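Undergrad:
Numbering (our numbering), first residue to last: -11 to 144.
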C-alpha cells in the first residue's frame, strides 16, 4: 500500500511543478511578448493549462470527494472560459482599433471587413503570403541599411 501512495505523491508533485511552470511561462509571456494579442494568447492558454494542472494535483491530493469534485469543476470552468474570453477580448480590441504587432505575418480579420472603394481588403503582406513570397516576417523584409563605404567615412 505504501508504494501506491508514494506513486500518488510523485504524480501530485509533478502536476504541481508542471502547473507552476506553465503559469511562470504565462507570466514571462506577459512581460516579453510585443503586443496585446500575443500577450493575451500567452496568458489565456498557458495560464489556464497551468491552473488546471495545479487543480488536478489538488484533486489527486485531496481525500474528500467534495474537494475533488470542486477541483474538477474548476478545471472544466478554466478550460471552457479562458480561451473564449480571450477570443472575445481580442476581437473587441481589434474592432476598437488596437493594431497588430508589425512583425505579424497575416491579419485575417482585415479580410472580413470591407473597405470603401475596394472589393478585397488585403494588405501587401497578406498578398505576398498567399502568393508564396512571404518567406520571412515583415519586420525582416524591411529595407536594410547598407553599411557605409570607406570613402563616405573620410573627412572631406
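Each residue gets a CB set at the ideal place from its N, CA and C atoms; glycine is no exception.
Predicted, not measured: the structure shown is a model, and the values here were computed from it.
(1) With burial defined as no fewer than 16 other Cβ atoms inside 10 Å of the residue's Cβ, what is the status of residue -5: buried or exposed?
(2) Is residue 86 helix, strand or coil by DSSP?
(3) Counting only beta-carbon separations shorter than 9 Å, does residue 94 have a partner in chain B?
(4) Going by C-alpha distance, which of 77, 50, 44 and 85 is nearest residue 65?
(5) Does DSSP classify residue 105 as helix, strand or coil?
(6) Under three-state DSSP, which class holds residue 4?
(7) Give the C-beta separation of residue 76 and residue 25 to the nearest angstrom, bearing in mind that I take them to be a contact with Cβ-Cβ under 8 Å.
(8) Would you check if there are 3 or more beta carbon pairs closer than 8 Å linking the region 47 to 58 to the region 68 to 84?
(9) Please state whether DSSP places residue 92 in a helix, a strand or coil.
(10) With distance defined between alpha-carbon atoms, name the residue in 29, -2, 34 and 5 nearest to residue 13.
(11) Identify whether residue 51 lies in helix, strand or coil by the three-state DSSP scheme.
(12) Would you report the Cα separation of residue 19 and residue 32, rounded to the nearest angstrom?
(13) By how many angstroms is the C-alpha of residue 38 removed from the C-alpha of residue 10?
(14) Answer yes or no: do residue 42 and residue 4 have a C-beta to C-beta separation smaller than 9 Å?
(15) Under a Cβ-count criterion, where at least 16 other Cβ atoms within 10 Å of its own Cβ denotes burial, should residue 7 be classed as buried or exposed?
(16) DSSP three-state call for residue 71: helix, strand or coil?
TA: So, from the listed chains and residues:
(1) exposed
(2) coil
(3) No chain B appears in this structure, which consists of one protein chain only.
(4) 44
(5) Reliability fails at residue 105, whose pLDDT of 48 lies under 50, so the model's placement of it is uncertain and no value is given.
(6) helix
(7) Contact flag wrong, Cβ pair sits at about 13 Å.
(8) no
(9) coil
(10) 34
(11) coil
(12) 14 Å
(13) 5 Å
(14) yes
(15) buried
(16) helix
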